[in-house]
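This report refers to the structure that appears directly beneath it.
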Amino acid sequence: MEAPAVAQLLGRRLAVWGGVSVLAGTVLAVRGSSPARRAFGQQTAGWGAIDVAIAGAGALNSSVPTSKSLSKLLWINAGLDVLYVAAGAHIAVRKPSFGRRITADQAIGHGTAVVVQGAALLLLDTAHARLIAQ
């Protein structure tokens, strides 16, 4: 698949994932039945808003990516996504308080949400990088 088509497809999918994350996260943040669920919702909504912003910026960008540049960007992002998953797992398991700003339950929620968001981005980035290679 040509790089411009892959970039557009990725942008649409990222916008959908981001939009769903904002909506679901907001509901959980407001109506969650526990501190962990509310924290999961807050983190999910925040990541979703960033995803929507990135997708919007990509849609406004008029430059046409090359296969090489887009593939490189996606594989670099995939490496970062792995780090997000690891960092989220660390937070969920170790439950740091970040200077007493969050409780252990909130750390579990925030960390788990980072794992979910990082894994979803890893899936998106690697799937679209593979589309370029075909």
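When you number the sequence shown by this note's numbering, it's gap-free, plus one each residue, and the end is 189. Ideal Cβ positions, reconstructed from N, Cα and C, are used throughout, including at glycine.
Between the options, which has its C-alpha nearest residue i's C-alpha?
{"i": "V77", "options": "D160, V169, Q98, R92", "result": "Q98"}
{"i": "A147", "options": "R155, V170, V137", "result": "V170"}
{"i": "A133", "options": "A108, A184, F153", "result": "A184"}
{"i": "Q161", "options": "L176, L83, G173", "result": "L83"}
{"i": "G103", "options": "G74, G87, A91", "result": "G74"}
{"i": "G113", "options": "G173, L65, A168, G96", "result": "L65"}
{"i": "R93", "options": "R149, A108, A174, G166", "result": "G166"}
{"i": "I105", "options": "V71, G87, V85", "result": "V71"}
{"i": "I157", "options": "V107, A91, I131", "result": "A91"}
If you follow the alpha helix (DSSP H) that residue i is part of, which residue opens it and which one closes it?
{"i": "Q172", "result": "159-188"}
{"i": "T81", "result": "58-86"}
{"i": "R93", "result": "90-115"}
{"i": "K123", "result": "122-149"}
Alpha carbon to alpha carbon, how far is residue j from residue i? Give it in angstroms, no decimals.
{"i": "V119", "j": "A110", "result": "15 Å"}
{"i": "N116", "j": "A62", "result": "11 Å"}
{"i": "P69", "j": "K123", "result": "At residue 69 the sequence reads Leu, which differs from the Pro that was named. About 21 Å."}
{"i": "D180", "j": "R67", "result": "13 Å"}
{"i": "S126", "j": "R155", "result": "41 Å"}
{"i": "L177", "j": "D136", "result": "5 Å"}
{"i": "G101", "j": "A60", "result": "28 Å"}
{"i": "K150", "j": "A175", "result": "22 Å"}
{"i": "E57", "j": "I131", "result": "19 Å"}
One question on the structure: do residue i and residue j come within less than 9 Å of each other, judged by their Cβ atoms?
{"i": "S89", "j": "G143", "result": "no"}
{"i": "I187", "j": "L138", "result": "no"}
{"i": "A141", "j": "F95", "result": "no"}
Would the C-beta of residue i count as close to the ligand GDP, meaning under 8 Å from any of its heavy atoms?
{"i": "G74", "result": "Absent from the structure shown: the ligand GDP. Ligands present: none."}
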